[in-house]
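Asker: One structure, as structure tokens, below. Some questions next.
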Amino acid sequence: MRACQLIVLLLLITQGCVNGIDRIQLSPRLLYSRKDGGTMPINSTTIAVNWTRELLTKLGLPHLKSRLHQAKILEGNDGLLFEMQTYLYALEVKRAWDQQLSDYELYEELDRASMNCSSDCVNKDYELMQTELKF
1053 MRACQLIVLL
1063 LLITQGCVNG
1073 IDRIQLSPRL
1083 LYSRKDGGTM
1093 PINSTTIAVN
1103 WTRELLTKLG
1113 LPHLKSRLHQ
1123 AKILEGNDGL
1133 LFEMQTYLYA
1143 LEVKRAWDQQ
1153 LSDYELYEEL
1163 DRASMNCSSD
1173 CVNKDYELMQ
1183 TELKF
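Position in the sequence shown counted from 1, then plus 1052, gives you my numbering.
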């Protein structure tokens, strides 16, 4: 009986029907990009994994650097796609992003030098979202 219940639960989760669970929230992949769809400010020597590790540090999550599974720069420099080891780590990164974005907007009038994250990391021109994009 438990096996049947587990199968039904998994089917419901994949359809996003349990307690408002969104399939995207179960994805360990995140996409860092510009909101306007423009290209990211990177050069030909940028290494995706290093860039992701820098972003994690700027978000106050250096302990998650070792939990990074893979990363790549999208074709045309349209964004940085990276995957954490589990969706729970991805949720932690997303929460940290949302918190810093909220802080950024709250203190937008203050001196930006006092912010923990530089303006090219977390601001209203960029977005970080969980995604199901493939590598």
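Just so you know, even glycine gets a beta-carbon here, dropped at the ideal spot from N, CA and C.
These figures come from a predicted structure and were not determined experimentally.
If I follow the unbroken beta strand (DSSP E) through Leu1180, where does it start and stop?
Answerer: That run of the beta strand (DSSP E) goes Tyr1178 to Thr1183.
Asker: Look at the alpha carbon of Gly1214 and the alpha carbon of Ala1055, and state the distance between them as a whole number of angstroms.
Answerer: Residue 1214 lies beyond the stretch modelled for the chain, which goes from 1053 to 1187, so this question has no answer here.
Asker: Can you tell me whether Ser1096 is buried or exposed? The criterion is at least 16 other CB atoms within 10 Å of its CB, across all chains shown.
Answerer: With fewer than 16 Cβ atoms within 10 Å of its Cβ, Ser1096 is classed as exposed.
Asker: Suppose you measure from the CA of Val1145 to the CA of Leu1108; what does that come to, to the nearest Å?
Answerer: If you take the alpha carbons of Val1145 and Leu1108, they lie about 7 angstroms apart.
Asker: First and last residue of the alpha helix (DSSP H) that includes Leu1132?
Answerer: It is not in any alpha helix (DSSP H) - Leu1132 instead sits in the beta strand (DSSP E) that spans Leu1132 to Met1136.
Asker: Do you know how far the Cα of Leu1153 is from the Cα of Gln1137?
Answerer: Rounded to the nearest angstrom, the two C-alpha atoms are 24 angstroms apart.
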